[in-house]
Every structure is written in C-alpha cells, then in structure tokens.
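Below: one structure, written as structure tokens.
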Amino acid sequence: MPNLRIADLLATPPLDATCSVNGWVRTRRDSKGGFSFIEINDGSCMANLQVIADAGLPNYETAVAKLHPGSAIRATGVLTGSEGQEQAVEMKAAEIHVYGFCDILSYPLQKQRVSLERLREAAHLRVRTNTFGAVARVRNILSFATHRFFQERQFLYLNTPIITCSDCEGAGQMFRVSTLDPDKPPRDKQGNVDYSQDFFSEAASLTVSGQLEAEAYACGASRVYTFGPTFRAENSNTPRHLAEFWMVEPEVAFCDLAGDVDLAEEYLKYLFKAVLDECEEDLAFFNKRIDKTVIETLSHIVDTPFHRLPYTEAIELLGKADADFEFPVSWGIDLQTEHERYLTETAFSQPVAVTDYPRTLKPFYMRCNDDGKTVAAMDVLLPKIGEIIGGSQREERLDVLLERMHELDMDEDEYSWYVDLRRFGSVPHAGFGLGFERVVQFATGMANIRDVIPFPRTPHNARF
RNA sequence: UCCGGCAUAGCUCAGCGGUAGAGUAGGUGGCUGUUAACCACUUGGUCGUUGGUUCGAAUCCAACUGCCGGAGCCA
Numbered sequence: 075m076p077n078l079r080i081a082d083l084l085a086t087p088p089l090d091a092t093c094s095v096n097g098w099v100r101t102r103r104d105s106k107g108g109f110s111f112i113e114i115n116d117g118s119c120m121a122n123l124q125v126i127a128d129a130g131l132p133n134y135e136t137a138v139a140k141l142h143p144g145s146a147i148r149a150t151g152v153l154t155g156s157e158g159q160e161q162a163v164e165m166k167a168a169e170i171h172v173y174g175f176c177d178i179l180s181y182p183l184q185k186q187r188v189s190l191e192r193l194r195e196a197a198h199l200r201v202r203t204n205t206f207g208a209v210a211r212v213r214n215i216l217s218f219a220t221h222r223f224f225q226e227r228q229f230l231y232l233n234t235p236i237i238t239c240s241d242c243e244g245a246g247q248m249f250r251v252s253t254l255d256p257d258k259p260p261r262d263k264q265g266n267v268d269y270s271q272d273f274f275s276e277a278a279s280l281t282v283s284g285q286l287e288a289e290a291y292a293c294g295a296s297r298v299y300t301f302g303p304t305f306r307a308e309n310s311n312t313p314r315h316l317a318e319f320w321m322v323e324p325e326v327a328f329c330d331l332a333g334d335v336d337l338a339e340e341y342l343k344y345l346f347k348a349v350l351d352e353c354e355e356d357l358a359f360f361n362k363r364i365d366k367t368v369i370e371t372l373s374h375i376v377d378t379p380f381h382r383l384p385y386t387e388a389i390e391l392l393g394k395a396d397a398d399f400e401f402p403v404s405w406g407i408d409l410q411t412e413h414e415r416y417l418t419e420t421a422f423s424q425p426v427a428v429t430d431y432p433r434t435l436k437p438f439y440m441r442c443n444d445d446g447k448t449v450a451a452m453d454v455l456l457p458k459i460g461e462i463i464g465g466s467q468r469e470e471r472l473d474v475l476l477e478r479m480h481e482l483d484m485d486e487d488e489y490s491w492y493v494d495l496r497r498f499g500s501v502p503h504a505g506f507g508l509g510f511e512r513v514v515q516f517a518t519g520m521a522n523i524r525d526v527i528p529f530p531r532t533p534h535n536a537r538f
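For what it's worth, this note's numbering labels the leading residue of the first sequence as 75, then goes sequentially.
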C-alpha cells in the first residue's frame with residue numbers, strides 16, 4: 075500500500091484505491107453522527123487532506139478523539155469523492171495510526187491566526203503554517219531555478235570559502251573567527267592582540283562575499299557562480315537585512331558592464347517566471363493573504379524590459395523631480411532609499427539598472443571609466459525592496475588597479491593573489507551579487523526578511 | 001546605531017490612578033457531512049524586568065531587555 079504525498083494524491087486522485095498518508099493534524103471537527111473530520115497537511119502543498127474517521131475505529135475514543143492541531147498521524151483508507159463543498163476528494167479511514175500526540179495547551183500554533191512576530195519565536199514549528207509552508211516551497215523553487223539557470227548557460231558552480239582573511243573591501247563589518255582565549259588573548263609588544271598565534275596565524279573572519287575568489291575561478295573557468303551563505307556584522311535592524319544571508323554571485327570572463335546588466339535581467343526574469351509557473355497555488359495564497367499585487371508585479375517584471383539609467387542621468391532626473399526628498403540631490407551623493415523608490419515606483423514603475431556611479435562611492439575593484447570620475451558599476455533596483463543586485467565590470471588593468479589600491483591605502487600584500495589575476499593573462503570580466511532572501515521576499519510579497527529564511531540571524535538573535 | 005511606537009490569559013486584543021476584561025483556544029454537556037462549525041456552562045493572568053512618584057500603579061515617570069515601523073549601512 076503506497077504512502078502518498080498529499081500534493082501527488084490531490085493532483086491525480088487514485089479514487090477507490092486504498093493508500094496511506096502521513097502528516098500533521100490541522101483541525102479536527104467531531105460529528106455526533108458517529109465520526110470525525112480530520113484535516114492533515116504534510117507540507118507538500120497548501121491544501122489539506124480531509125480524513126473521515128469513524129467512531130467504530132478501535133482507537134477512536136483512546137486516540138482519534140484526542141487529536142489536536144499538531145499531532146502526527148498516518149491515515150490509511152480508501153479515497154473517494156467528497157460529499158462536502160470544500161474539497162473534491164477525501165479519505166475514509168480504515169486505520170488511524172498516531173505517531174505523536176500534541177499538547178494543544180502548550181503548542182504555539184493555534185487554529186486561529188497567529189502573528190508573524192509570534193511565529194518568529196516558534197521558528198522550529200512555523201513551517202507547519204500555511205504561510206511558512208508556502209515560503210519554504212517558493213524558496214526551494216527559487217534555489218533550484220538558480221542552479222538551472224546557470225547550469226543551462228554552462229556556468230560552473232563554485233564553492234568559495236566561508237572563512238577568509240581578505241575582506242572584500244567595503245562590503246561591511248565582519249564576524250571574527252578565532253580560537254584564541256577571549257578572556258586573555260596573546261598580545262604583541264604594542265599591546266594589540268597577536269593573531270600570529272591564532273589558528274590561521276592571522277586575523278580571520280566569516281566571508282562577506284565570495285566575489286574575489288569567484289573572479290579567480292572565472293579567470294580560468296570563464297563562467298562561474300557561487301550560491302552560499304554570507305555574513306555581515308552590521309548592526310542593521312531593518313526588514314531587509316540579515317546578519318547571515320545567502321548570496322548568488324555569478325562572475326563572467328570576457329564580459330563587460332552591458333553584458334553584466336543583461337545577465338542580471340535575464341536571471342531575475344527567469345526566477346520570477348519559474349515561481350509563476352511552478353508555484354501557482356502558493357502564489358495565489360500570497361496574492362490573497364499577504365500582498366494583493368504580487369502576481370501582477372511578478373508578471374509585469376517578466377514581461378517588461380529593465381530600464382537602464384546612468385547615475386549621472388538619474389541625478390538629473392531626481393533633481394528635476396516633483397518630490398520632496400529628505401536628502402538633497404546632487405552629483406556625488408549615494409542614492410538614498412527615497413531616491414531609489416522614486417526611480418522604481420514613480421519615474422519608471424519597472425526595475426531600473428543604475429550604472430556608472432561616482433568612483434568615490436564604490437569599492438577598489440570596480441573598473442574605472444574613461445571619464446575618470448565614474449566606475450563601471452550597476453545596481454538593479456526593484457520597486458518596494460530597493461537594491462536587489464549590485465555588480466560591476468572589474469578593473470582588469472594592473473596599473474589602474476594598483477593605483478586605486480594605493481589611493482585607498484590598501485595593503486598590496488594581502489591582495490597579492492588577487493592582483494596576480496591582472497599579471498597572468500588578465501581579461502575583462504564582470505559579475506554581480508544577488509541577495510537571495512530579497513528575491514524570496516519579492517516573489518512572495520513577505521514584508522520582513524526574517525520570514526523568508528528558516529532560522530534568521532539578526533542583531534541579538536541567533537536562537538534555534 | 002538614530003527617531004518613533006509597543007510589551008496585559010495559550011493566542012489576538014481592550015482597559016490607561018481605585019479589587020483584572022472580551023473574543024478565541026482548552027475542559028464538560030448538547031447538536032450537527034462538518035470545513036474559521038454552532039449553542040450553554042467553565043478552567044485560565046505576580047499586567048516584560050528593575051527602580052521611582054502616590055494613601056493606592058496594568059495605568060504616571062526613569063532605566064533596562066525584547067519586538068515592530070521608519071532611517072542609516074548594504075544584498
């Protein structure tokens with residue numbers, strides 16, 4: 075007798091066949107007509123399976139009547155058409171096996187609505203709710219679509235190190251990795267902590283980006299991408315930031331900035347199309363309960379070309395804008411949230427790729443443009459959540475790169491291996507980084523990034 | 001980190017100086033191919049923590065902790 079996933083069972087119901095279904099009870103409604111309705115969910119899809127448990131079952135009084143939301147059971151029986159209006163098929167149970175009861179008084183998930191904030195405190199159980207089950211499935215589809223997109227284009231999947239001694243200049247505060255005694259670390263003659271005695275013989279941290287290593291592999295394997303965890307010790311307390319998040323970073327040799335923007339656009343559209351095509355039921359739920367515009371927004375993005383806009387033109391446009399900005403606009407400023415939202419929501423209502431930022435705003439590795447003032451950078455901005463992709467063409471000219479590093483007073487020795495890439499067969503190359511959770515946020519309409527990663531890490535919170 | 005708000009029953013919230021409330025969940029009984037089931041009764045709380053003001057504090061004040069919204073930093 076087959077064990078069936080509820081998703082498969084509902085997709086092609088094997089009517090009048092006997093089968094088993096495992097899952098967790100969502101609700102039980104008793105009928106004194108001599109049976110109970112039990113709805114079970116196994117996480118395979120949004121829908122529950124309604125199981126009819128007759129009072130004649132040998133364990134009806136001892137077990138079935140004590141089932142509450144959260145209990146884990148196996149129901150075995152015959153699938154039939156349902157007499158009720160809310161579901162097409164249901165199971166007439168011949169046997170209900172209880173794997174584990176659930177004490178409803180202490181169970182955090184209630185039958186009535188539980189707030190997203192409360193569910194964050196029960197992150198180990200929240201996947202059992204409609205919302206978080208759907209988020210988990212959409213996230214899974216987006217992960218798989220990411221690999222499919224790059225694999226179909228002959229990109230090499232690259233695993234870059236989590237522990238690193240280089241800091242990808244300017245990407246953010248880093249978490250220190252050390253085995254030294256935190257209470258009394260060894261000191262050098264100046265009184266500073268002596269990391270030469272540490273595990274790696276130098277100060278090590280969790281990575282803030284795999285980009286530099288990805289560049290190394292791109293300069294040999296031609297097209298690579300990373301997809302892994304990234305760590306930022308910034309004290310950022312917003313619905314768009316995590317201390318630990320997942321980043322997708324493609325890096326392409328023989329590619330310029332225009333090719334980089336094209337790749338970003340193609341990739342984002344591929345992701346959103348995958349969700350629209352493969353998560354219909356979950357998306358309908360988000361569209362109804364979370365954000366009534368999410369399907370429309372995703373469809374619009376899939377069908378609309380991204381707007382490409384050089385920074386200098388963006389500044390001119392914002393300067394002429396009929397809007398009351400808190401931060402005044404002038405050439406050289408970094409775009410603020412309000413400016414980004416104006417561009418994506420008011421000026422264009424479509425994704426905008428802003429290119430060629432002032433060099434003073436951007437890190438050392440971005441390629442200097444001929445105007446001497448800007449670099450070949452690009453940020454892809456989406457309505458509502460802002461920057462989702464940041465990328466650039468990399469500086470492949472040895473002399474220009476070194477000059478830039480000196481300008482920023484960087485330690486050349488520390489980056490010698492990175493500079494080597496410009497010594498030994500340097501090529502034009504470009505890449506970008508995409509915040510994976512922000513894509514999940516955008517695709518689901520979830521307002522808080524803490525609700526699109528199973529166990530969020532944020533300032534003051536590394537529970538679970 | 002800055003600005004603002006919030007913290008009361010398992011959950012969602014009301015009460016805003018004078019003995020702690022509702023809905024819902026749980027329990028008991030009734031009724032029913034039900035589906036946010038329904039009807040009656042009922043269990044359940046040191047009002048986030050610490051200090052202060054007051055005859056008296058859930059209520060006013062301060063600090064702390066956590067959460068939420070906005071901003072900065074960024075993906």
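Glycine residues also receive a C-beta, built at the ideal position from the N, C-alpha and C atoms.
- Contact between G155 and L89 holds: CB atoms are separated by about 7 Å, below the 8 Å threshold.
- Put simply, the stretch 424 to 439 touches the stretch 377 to 387. At least three CB pairs are less than 8 Å apart.
- Here DSSP, grouped into helix, strand and coil, assigns W320 to strand.
- Counted as a single uninterrupted DSSP element, the stretch harbouring Q184 is not any alpha helix (DSSP H), since DSSP gives it neither H nor E.
- Note that the C-beta distance between A81 and C119 is below 8 Å.
- Note on D334: 16 or more other CB atoms within 10 angstroms of its CB, so buried under the neighbour-count rule.
- Residue environment: D525 is assigned as buried (16 or more neighbouring CB atoms within 10 Å of its CB, all protein chains considered).
- In this structure, DSSP gives Y231 an extended state, which the three-state scheme calls strand.
- Remark: fewer than three beta-carbon pairs, one from each stretch, lie closer than 8 Å, so the stretch 442 to 451 and the stretch 395 to 403 are not flagged as touching.
- Looking from the CA of V449, the closest CA among K458, Y439 and E486 belongs to Y439.
- In its chain, beyond the 5 residues on either side, T150 and G151 have a beta carbon closer than 6 Å to the beta carbon of A168.
- Exclusion of the five residues before and after I178 leaves H142 as the residues of its chain whose Cβ lies within less than 6 Å of its Cβ.
- M321 is a Cβ neighbour of F510, given a cutoff of 8 Å.
- Here A290 is not near A327, since their CB atoms are 8 Å or more apart.
- For M165, there is no enclosing alpha helix (DSSP H); the residue is found in the beta strand (DSSP E) stretching over V163 to G174.
- In this structure, A317 sits near P533, with a CB-CB distance shorter than 8 Å.
- Residues of the same chain with a CB within less than 6 Å of the CB of Q161, apart from the 5 flanking positions on each side, are Q124 in chain order.
- When the Cα atoms are used, C176 and A348 turn out to be separated by approximately 37 Å.
- Per the coordinates, the alpha-carbon of D116 lies some 50 Å from the alpha-carbon of Y489.
- The straight-line gap separating the alpha-carbon atoms of K185 and T312 is approximately 30 Å.
- Around the Cβ of E370, a 10 Å sphere holds fewer than 16 other Cβ atoms; the residue is exposed.
- Under the DSSP assignment, G464 falls in the beta strand (DSSP E) whose first and last residues are G460 to Q467.
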